[in-house]
Amino acid sequence: MVEMRKIKRKLSEVEAYELISKAKEITISMYDIEKAEPYAVIVNPIYFDKNIYIHCAKEGQKIDILKKNNNVCITSIIKSDIIENKYTTAYESVVISSHATFIENKEEKVAILNKLCEIFTPSNNSEMNQKIIISAVDNTTIIKFPIESISAKANR
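See the structure below:
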């Protein structure tokens, strides 16, 4: 990654990982080599063990692009508040370089879907979540993005 211009806003790697663990939405930017154009999609991430995971349907534009070129840039704005009287924004953001890996192992897919349920449906009981996971796992794609580099900055 290129060195940050406003270095005083750069956060440590530890802080960067802390921020990405809080992200509720991320933008995955990729490049469609057939159309010679960029493509980006906003998704709900699952973060653990220095990897980001997403779930999606078995087909679609994102999957088509990633199967041909799996390099991605992932960004997330964790916090953003306009400070009108100072003509600025208070923010926390993360930028990640990675590549897509499709998870095929059913047990691993179930484990990721369990994590998804823990994060996004914490009030559901585990029995209800298990029924939904078992009924959906074969029709769900899980994509893993190992974090190759991460940087974060903030204006607090």
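In my numbering, the protein residues as written are 992 to 1147.
For every residue, glycine included, the Cβ atom is placed at its ideal position computed from N, Cα and C.
Identify whether residue i lies in helix, strand or coil by the three-state DSSP scheme.
| i | result |
| --- | --- |
| D1040 | coil |
| K1100 | helix |
| E1083 | strand |
| E1109 | helix |
| A1127 | helix |
| S1142 | strand |
| S1114 | coil |
| N1062 | strand |
| K1049 | coil |
From the options, pick the residue whose C-alpha is nearest to that of residue i; which is it?
| i | options | result |
| --- | --- | --- |
| E1006 | T1112, V1086 and I1024 | V1086 |
| F1136 | E1075, E1109, I1011 and V1101 | I1011 |
| K1100 | I1123, I1043, T1131 and S1071 | T1131 |
| L1104 | S1089, T1018 and K1122 | K1122 |
| Y1082 | K1053, H1090 and I1073 | I1073 |
| S1088 | L1002, P1113 and I1019 | I1019 |
| Y1078 | I1033, I998 and N1146 | N1146 |
| G1051 | Y1044, I1037, S1140 and V1032 | V1032 |
By how many angstroms is the C-alpha of residue j removed from the C-alpha of residue i?
| i | j | result |
| --- | --- | --- |
| K1097 | D1129 | 8 angstroms |
| N1060 | S1117 | 37 angstroms |
| T1066 | F1093 | 20 angstroms |
| E1142 | S1126 | Correcting the residue identity first, residue 1142 is Ser in this sequence and not Glu. Rounded to the nearest angstrom, the two C-alpha atoms are 38 angstroms apart. |
| E1025 | N1062 | 14 angstroms |
| K1144 | E1009 | 12 angstroms |
| I1054 | K1106 | 22 angstroms |
| I1068 | K1058 | 27 angstroms |
| I1134 | N1076 | 43 angstroms |
| K1015 | F1111 | 9 angstroms |
From which residue to which residue does the alpha helix (DSSP H) around residue i run?
| i | result |
| --- | --- |
| Y1008 | E1004 to K1013 |
Within the continuous beta strand (DSSP E) that includes residue i, where are the two ends?
| i | result |
| --- | --- |
| E1075 | That residue, E1075, is in no beta strand (DSSP E); it is neither H nor E in DSSP. |
Look up residue i in the DSSP assignment and give the residues it is bridged to.
| i | result |
| --- | --- |
| D1023 | E1028 |
| A1135 | In the sequence on display, residue 1135 carries Lys and not Ala. In the DSSP output, where bridge partners are listed per residue, K1135 has Y1044 and T1092. |
| I1017 | V1034 |
| K1001 | K1144 |
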